[in-house]
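Heads up: the sequence shown runs through residues -21 to -1, 1 to 235, numbered per mature numbering (1 follows the signal peptide of the UniProt record, and there is no 0). Where a beta carbon is used, it is the ideal one built from N, C-alpha and C, also for glycine. A short worksheet on the structure shown next.
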Amino acid sequence: MKKSLFAGATLTALFSGHALANEPLTLVLDWYINPDHAPIMVAEQIGAFKAQGLDVRIVPPSDPALPPRMVAARQADLAITYQPQVHFFADEGLPLVRVGTLINSPLNTVIALDKQIKTPADLQGKKVGYSVSGIEQATLATMAQHAGIDPASIKLVNVNFQLTSALLAGQVDAVIGGYRNIEAQELKLQGKTPVVMNVEDYGVPAYDELVIVAHRDAIHEAKIRKFLTALQAGVGYLPRPSAEELGGVRRRPPGA
């Protein structure tokens, strides 16, 4: 009888623990953790994900081009990516659907330290570093055409995450993909005076900078809805920071 009671109690504990366990969800960021991820990080810190019954694993990518492809391959549940990039994924036939928005206005810029480069027209014959294939080439091509120069006259160099360091080292004449509230401010903190060209000022239509994508077959899963509910709680918890406050925080590699 004692054995029977013990076994019953053990099974009850096991099933209760299973019922109480939070559902795992993997989110892959677009970049190293930075101020643009504030709603996500705050949602985690205030327990909003756990309140929704989620155990969210937040993963910075090893390559900024990989996050959406990881979702397409079912290696992650959600990814942060760039709204214009979603159209490229559709053309490739990737099973991705936008399910939310993180940043609803452009942040992308072309940044140069050479004072002879003042507009996109001055990029003719120059080397421009980028990190994400597809969207950044298309964006730069639009800016070049708007400036009346041949996009092919600009040499593109993939510098991966090293936008600022490639620019400071003189490996490239300018970079595209740096954010006005992060890389531009980081350069100023290092005593530089960057030339910053906001993409929407040079022929690129306004767009949502950062969006959240899920696999097409997973968009109706409850955990996606729960994640977005928790994320909204993170947004509501945040004050509206000034540009100076945002500029004071750098994109940091993992462990930095």
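DSSP, reduced to helix, strand and coil, places residue 89 within a strand of the structure shown.
For residue 182 and residue 46, the gap between their C-alpha atoms comes out near 28 Å. Per DSSP, residue 58 lies in no alpha helix (DSSP H) segment; the continuous beta strand (DSSP E) that holds it begins and ends at 57 to 61.
Residue range 201 to 216 is occupied by the alpha helix (DSSP H) that includes residue 216.
If you keep only unbroken alpha helix (DSSP H) runs of at least 4 residues inside the segment 111 to 177, you get 114 to 126, 142 to 147, 162 to 168.
By the neighbour-count criterion, in which a residue is buried when 16 or more other Cβ atoms sit within 10 angstroms of its Cβ, residue 162 is buried. Residue 62 has its alpha-carbon roughly 12 Å from the corresponding atom of residue 115.
Per the C-alpha coordinates, the member of 77, 87, 178, 82 positioned closest to residue 124 is 178. In the DSSP assignment, residue 191 is bridged to 59, 79. Taking one beta carbon from each stretch, the segment 166 to 177 and the segment 84 to 102 have 3 or more pairs nearer than 8 Å; the two touch. Between the alpha carbons of residue 109 and residue 149 lies a distance of about 14 Å.
DSSP lists 137 as the bridge partner or partners of residue 109. Pairing residue 133 with residue 119 gives a Cβ-Cβ distance under 9 Å. Here residue 126 is near residue 102, since their CB atoms are less than 9 Å apart. Inter-residue distance for residue 5 and residue 54 is about 8 Å (C-alpha atoms, whole angstroms). Residue burial is scored here from C-beta neighbours: residue 52 has fewer than 16 other C-beta atoms within 10 angstroms and is therefore classed as exposed.
The C-beta separation of residue 135 from residue 89 comes to about 12 Å, leaving the pair out of contact by the 8 Å criterion.
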